[in-house]
Structures are given as C-alpha cells and as structure tokens.
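Undergrad: Encoded as structure tokens, here's the structure I'll be asking about.
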Amino acid sequence: IDGRTSADTALATNYQRPEDMEIKTLANGDQIVLIATTTTNEIYSMNLATSEMKVFASQATANAAGGLIGGALVSPDNIAIDADGNFYIIEDQGATNADIWLARDANDDGVAESLQRWAGMQVTGAEPTGLYFDLFKPNTAYLNVQHPTSGNDQLLMIQAVPEPGEYAMMLAGLGLVGLASRYRRKA
C-alpha cells in the first residue's frame with residue numbers, strides 16, 4: 073500500500089503530517105509524547121495521563137540567544153532525547169539550513185521555554201536525521217547524515233567535550249597524585 077497515493081485518492085490532506093515522536097517520563101510520573109510536524113513548523117506535546125495537547129515549540133518560541141526563533145525553525149522532522157531529559161529537534165532541510173535545536177522545558181509542563189541552536193549542518197546537500205543519544209554513554213550521541221552531494225551517507229559519533237572546570241579538577245587530581253608519589257619516595 074502506498075500511503076501517499078492512498079491519501080491522495082481519499083482526498084486527504086498532508087496538513088500537520090507527523091514526522092517523529094519521542095516519549096519522556098515527567099517527575100510526577102506522567103508521560104508526554106512529543107510529535108514533530110513539518111507543515112506548520114510546530115512540535116506538539118501530549119500528556120498521556122491527561123490527554124492534554126500543547127504546542128511544545130514553534131516559530132513563536134523564545135530563542136535562547138534573544139528574541140523569538142521565528143523563521144530559523146523550519147520543517148522539524150526528528151526528535152531525540154538525551155540522558156538528562158532534554159529534547160532535540162532536527163530539521164528536514166539541506167545544508168546550510170538544517171539545524172539541530174536544543175529545547176528547554178525546565179518546568180516539565182510540555183512547553184519549551186526556549187530553543188537554542190545545538191548544531192548546524194554544513195555538508196553540501198546533506199540532511200541530518202536520526203539523532204540518537206547512547207543509553208550507556210550519556211555524553212555520546214550518533215547522527216545520521218544523508219543525501220550529501222558526495223553520495224556517502226554517514227553515521228557520526230558526537231562526544232561531549234569536558235568543560236574547563238573539569239580540566240582544572242583533573243589537573244588538580246594529577247597534581248595530588250604526583251605529590252603523594254613524591255611523598256612516598258621520600259618516606
């Protein structure tokens with residue numbers, strides 16, 4: 073069965089065609105489903121316990137850098153969730169327009185307070201899709217890059233870079249280990 077042909081035959085509309093879904097368990101135990109729709113550049117949330125639907129994110133959502141996201145959010149296609157419960161929205165556009173947005177829903181109400189650009193696709197002709205966060209390595213993600221002009225689809229592994237404070241702690245720890253070994257040699 074060809075879904076598009078069947079919909080056309082039935083005179084159905086492609087309005088708000090769902091692209092992807094992701095489920096998150098909230099602190100109160102309720103679960104919400106996020107649904108990305110490309111037609112009107114919106115992501116919806118549905119609370120499975122209350123059946124309440126909300127616009128999770130749209131072009132009217134605040135940009136963490138200031139102002140509203142506006143036309144920067146186009147064709148939300150895929151959704152991913154990381155180990156900390158943060159949502160990521162992946163756009164269905166070719167380079168240099170395809171972005172991955174980090175959505176902040178700090179109060180778990182099913183509405184993002186803001187979006188911020190997490191990554192942007194710069195590979196000619198490519199489209200990011202299939203962002204997945206490793207369940208066993210919280211700082212590791214995988215991203216499929218499809219349709220590049222080169223013809224070589226790729227799966228990329230992305231790992232978080234430690235913050236400067238983490239480097240300072242590591243150096244301090246190494247310094248203490250060095251002092252301890254030096255102290256043992258003298259004793």
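Residue numbers for the sequence shown follow my numbering, so the first one is 73 and each next one is one higher.
Glycine included, each C-beta is placed from N, C-alpha and C at the ideal position.
With DSSP as the reference, please indicate the residues paired to ASP92 in a beta bridge.
TA: ALA108
Undergrad: Under 8 Å, do THR201 and ILE172 count as touching if we go by C-beta distance?
TA: no
Undergrad: Less than 8 Å between the C-beta atoms of ILE107 and LEU98, yes or no?
TA: no
Undergrad: Could you spell out the range, first to last residue, of the beta strand (DSSP E) harbouring GLN165?
TA: It is not in any beta strand (DSSP E) - GLN165 carries neither H nor E in the DSSP assignment.
Undergrad: Compute the Euclidean distance between the alpha carbons of THR112 and MET229, then round it to the nearest angstrom.
TA: 31 Å
Undergrad: Take SER130 as the anchor and find which of ILE153, ASP154, GLY182, ILE95 has the nearest alpha-carbon.
TA: GLY182
Undergrad: Secondary structure at GLY202, three-state DSSP: helix, strand or coil?
TA: strand
Undergrad: Once DSSP output is grouped into helix, strand and coil, what is the label at LEU243?
TA: helix
Undergrad: Excluding five sequence neighbours on each side, which residues of the same chain lie with their C-beta closer than 8 Å to the C-beta of ARG176?
TA: ALA136, ASN158, ALA184, GLU185, SER186, LEU187, GLN188
Undergrad: What separation, rounded to the nearest whole angstrom, lies between the Cα atoms of GLN231 and ALA191?
TA: Taken atom to atom, the span from the alpha-carbon of GLN231 to that of ALA191 is near 13 Å.
Undergrad: Give a yes or no on whether the minimum CB-CB distance between GLY192 and chain B is below 8 Å.
TA: Of the protein chains in this structure there is only one, and it is not chain B.
Undergrad: Tell me where the beta strand (DSSP E) around PRO148 begins and ends.
TA: 148-153
Undergrad: What are the start and end residues of the beta strand (DSSP E) that includes THR212?
TA: 212-218
Undergrad: Using a 10 Å radius around the Cβ and a threshold of 16 neighbouring Cβ atoms, would you call MET193 buried or exposed?
TA: buried
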